[in-house]
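Report on the structure given below.
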Amino acid sequence: MKIKLVLSIICALCILLPAAVFASSEEADGEKAEPAKGEYENKILHPYTTLENEYFKMWAQGQSEAAEALGYESLPVINEGDTDKQVSQIETMISAGVKIVQNVSPDSSNIASIAKLCQQNGVILVNSHETPEWLTPPDIGDFYVVANFADNYGYGYQMAKLLFDKIGGKGKILHISGWPGNLPNKFRTMGLEKALEEYPGIELLASQPGKWNRVDSRKVMEDFIIAYPEFDAVFGQNDDVGIGAMIACEEAGISVPITGIDGNKETMEYVKQGRYFAIMSQHPGWHSGWSTVIAYDAAHGWKPSIAERMLQFDGTVIMEDNVDWYYNLMWGKETLPFDWKKMSKVLHPDDWDLQNGVRPLDPRDLWAGMDKPAGYQLPDEYGAGYEEDYNRVKKMYSDHYKSKTLHPHLK
């Protein structure tokens with residue numbers, strides 16, 4: 087059992103970033119020693135998908151900076167989109183002594199397994215972006231502390247309206263989506279569909295998945311150009327999808343407005359150059375760092391109320407008129423422009439500052455119109471008293487967005 091455990095740990099650590107140091111000693115017979123008791127208790131496990139995407143590079147930076155500011159070490163593990171591998175990685179690190187997990191999964195298929203694993207082992211879990219329909223933290227237990235999400239429906243709706251207005255409220259558009267079944271992909275598409283209902287002059291010619299990457303999206307766009315040679319704009323489901331569409335259009339000598347959602351450094355350059363119309367930045371560095379702060383607070387005694395257990399945050403629209411400001415804010419210095427300690431309710435119980443807009447998310451609003459699993463009922467916490475707590479938390483979080491770091495126009 088000892089050898090099996092150690093080999094499992096070594097396999098998981100093969101994919102850690104260089105900053106994640108795994109200290110082990112050699113025993114006299116050459117066998118690897120088991121990790122010392124408590125060796126991982128000052129580390130926060132950060133599972134995520136890849137470092138081949140600019141979004142996740144920013145994600146990793148925010149996690150690392152926040153953990154270091156709070157006296158912890160970030161322990162990243164990469165799953166390359168393999169959800170079963172991710173569960174195995176987390177299980178191995180829990181066995182090694184990890185007590186905090188700040189998770190982001192490739193899709194929602196493994197969230198319940200991860201949450202139950204953490205609950206059974208008394209490990210704090212803060213989960214971002216993905217969740218199965220009608221699964222809330224109270225369905226699992228107290229150790230599944232918070233699930234937080236970008237406002238993907240709102241992002242899709244807002245960017246679609248911006249794009250439609252750009253072409254005068256009428257014309258033909260093409261849509262390249264992300265990964266089928268992925269939660270952000272689903273809600274961004276729903277936002278686009280809502281905007282289409284409000285703009286009868288806009289015709290959606292076709293929609294195909296670009297799988298969140300420029301290679302697949304470029305091919306989709308090339309096929310679109312052949313099948314639909316007359317079009318006026320492209321709605322890209324994320325930045326990389328939009329880049330793939332942009333490249334294909336430029337190679338064909340076509341210039342149309344293209345939108346994306348993420349907020350990556352490379353895309354900012356294209357906005358500056360006038361090659362990419364607009365981006366909804368969802369601030370990946372802030373998101374991962376803020377989630378790390380939530381996990382830290384939970385590990386140090388903070389107990390969220392029911393309305394705080396599902397949260398949603400704001401993005402920022404980036405266009406030619408504000409791209410220089412945002413670029414300098416995020417990449418003008420070596421570190422991100424956030425005071426991670428100041429986000430902490432534990433370290434700053436009276437003057438904590440979220441440094442972005444955050445609000446509670448009612449699961450009934452998130453999954454409105456979606457069927458519940460047979461026999462499912464929301465936990466009792468979402469009954470009497472929830473609305474009052476929702477309104478209290480909404481006001482409290484609004485009051486504690488003090489710095490307006492990501493929305494200076496609100497000052």
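Quick note on numbering: the sequence shown equals residues 87 to 497 in this note's numbering.
Glycine included, every Cβ here is placed at the ideal spot set by N, Cα and C.
Bear in mind the structure is a predicted one, so any value in this text is a computation, not a measurement.
Check                                                                                                                                          : Outcome
Chain-order list of residues whose beta-carbon lies under 6 angstroms from that of residue 328 (same chain, five-residue window excluded)      : 322, 344, 346
Residue 358 classed as buried or exposed, judged by whether at least 16 other C-beta atoms fall within 10 angstroms                            : exposed
Beta strand (DSSP E) segment containing residue 347, residue limits                                                                            : 344 to 348
For residue 262 and residue 276, the rounded distance between their alpha carbons                                                              : 13 angstroms
Same chain, Cβ closer than 8 angstroms to residue 404, neighbours up to 5 away in sequence not counted                                         : 349, 354, 357, 364, 365, 366, 367, 412
Complete alpha helix (DSSP H) runs within the region 440 to 465 (minimum length 4 residues, chain order)                                       : 449 to 452
Neighbour-count burial assignment, residue 430, 16 or more Cβ in a 10 Å radius                                                                 : buried
Three-state secondary structure assigned by DSSP to residue 467                                                                                : helix
Classification of residue 341 by the beta-carbon crowding that lies within 10 angstroms, buried from 16 upward                                 : exposed
Backbone CA spacing between residue 486 and residue 438 [nearest angstrom]                                                                     : 6 angstroms
Enclosing alpha helix (DSSP H) for residue 271 [first to last residue]                                                                         : 269 to 284
Per-residue burial, residue 147 [other beta carbons within 10 Å of its own, 16 or more giving buried]                                          : buried
C-alpha gap between residue 445 and residue 475, whole angstroms                                                                               : 12 angstroms
Cβ contact check for the region 202 to 209 and the region 224 to 235: 3 or more pairs under 8 angstroms                                        : yes
Within 8 angstroms, strictly: CB atoms of residue 433 and residue 319                                                                          : no
Residue 121 versus residue 132: straight-line alpha-carbon distance, rounded                                                                   : Annotation note: pLDDT 40 at residue 121 (below 50); position unreliable, coordinate value reported separately. The alpha-carbon atoms of residue 121 and residue 132 are separated by roughly 19 angstroms.
8 angstroms Cβ shell around residue 255 - same chain, five flanking residues per side excluded                                                 : 285, 287, 288
DSSP bridge partner residues for residue 489 (one or two, in chain order)                                                                      : Beta-bridge pairing links residue 489 to no other residue.
Anticipated Cβ contact below 8 angstroms, residue 135 with residue 218, distance rounded                                                       : The Cβ separation is near 18 angstroms, so there is no contact.
Euclidean distance between Cα positions of residue 222 and residue 177                                                                         : 21 angstroms
Residues bridged to residue 366 [DSSP beta-bridge criterion]                                                                                   : 347, 403
Alpha-carbon to alpha-carbon, residue 447 and residue 467                                                                                      : 14 angstroms
Contacts around residue 371, its chain only, beta-carbon distance under 6 angstroms, and the 5 residues preceding and following it disregarded : 144, 147, 148, 422
Under the three-state DSSP convention, the category residue 65 falls into                                                                      : There is no way to answer for residue 65, as the model of the chain reaches only from 87 to 497.
CB of residue 369 within 8 angstroms of CB of residue 339, strictly                                                                            : no
Residue 418 to residue 410 span [Cα, whole Å]                                                                                                  : 10 angstroms
Where the alpha helix (DSSP H) containing residue 180 begins and where it ends                                                                 : 169 to 182
Assumed close pair residue 161, residue 200 - CB separation to whole angstroms, cut-off 8 angstroms                                            : Between residue 200 and residue 161 the Cβ distance is about 15 angstroms, and since that is not below 8 angstroms, they are no contact.
Beta-carbon proximity of residue 298 to residue 265, cut-off 8 angstroms                                                                       : yes
Inter-residue spacing [alpha-carbon to alpha-carbon] between residue 174 and residue 164                                                       : 12 angstroms
Span separating the alpha-carbon of residue 309 from that of residue 138                                                                       : 25 angstroms
Environment of residue 326 [buried if 16+ CB atoms lie within 10 Å]                                                                            : buried
Buried or exposed by the 16-neighbour rule on C-beta atoms within 10 Å, applied to residue 396                                                 : buried
Residue 493 versus residue 394: straight-line alpha-carbon distance, rounded                                                                   : 22 angstroms
Residue 472, buried or exposed, once every other Cβ within 10 Å from all chains shown has been counted against 16                              : buried
Closest residue to residue 234 among 440, 399, 462 (Cα-Cα distance)                                                                            : 399
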